[in-house]
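Going by the working numbering, the sequence shown opens with residue 828, and the numbers climb by one from there.
Where a beta carbon is used, it is the ideal one built from N, C-alpha and C, also for glycine.
Since this is a predicted model, take the numbers as computed values, not measurements.
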Amino acid sequence: SVKGSVKGSVKMTEKMTEKMTEKMTEKILRLIKENNTITIDELAGKTSKSNSTIERQLRKLKKLKVIERIGADNGGYWQLIEL
828 SVKGSVKGSV KMTEKMTEKM TEKMTEKILR LIKENNTITI DELAGKTSKS NSTIERQLRK
888 LKKLKVIERI GADNGGYWQL IEL
């Protein structure tokens with residue numbers, strides 16, 4: 828049925844989006860690990876994503892207590908939180 832195939836497409840899209848977000852998160856964390864003073868502009872450039880996408884990812888990572896910002900936005904650095 829059309830309804831069933833639309834539902835299947837939505838589920839597949841959700842899974843693909845989840846995988847892409849996971850890959851981007853891993854890339855952001857790797858870049859922060861390599862350079863903890865990296866800027867949002869630099870992260871956006873290295874991931875080919877917009878600044879707002881990077882900011883959204885960083886907010887999620889902060890909320891999940893995976894990273895924290897130490898110091899000012901300008902001149903501070905990222906701290907990876909070891910679990």
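Around the C-beta of residue i, are 16 or more other C-beta atoms found within 10 angstroms, so that it is buried, or is it exposed?
{"i": "Q884", "result": "buried"}
{"i": "L907", "result": "exposed"}
How about residue i and residue j: do their beta carbons lie closer than 9 Å?
{"i": "I881", "j": "I897", "result": "no"}
Do you know whose CA, among the options, lies nearest residue i's CA?
{"i": "E909", "options": "K892, T848 and G902", "result": "K892"}
{"i": "W905", "options": "G872, T840, I867 and S875", "result": "I867"}
{"i": "K887", "options": "E853, G902, M839 and A899", "result": "E853"}
{"i": "N901", "options": "N878, T864, G872 and S879", "result": "T864"}
{"i": "T848", "options": "V837, K876, G903 and N862", "result": "K876"}
{"i": "K924", "options": "M851, G903, K838 and I894", "result": "The shown model of the chain, from 828 to 910, leaves out residue 924, and the question about it has no answer."}
For the alpha helix (DSSP H) that residue i lies in, which residues bound it at each end?
{"i": "I867", "result": "I867 to T874"}
{"i": "L885", "result": "N878 to K890"}
Compute the beta-carbon to beta-carbon distance between residue i and residue j, rounded to the nearest angstrom, for a pair I have assumed lies under 8 Å.
{"i": "N878", "j": "A871", "result": "5 Å"}
In terms of residues, what are the limits of the beta strand (DSSP E) holding residue i?
{"i": "I897", "result": "I894 to I897"}
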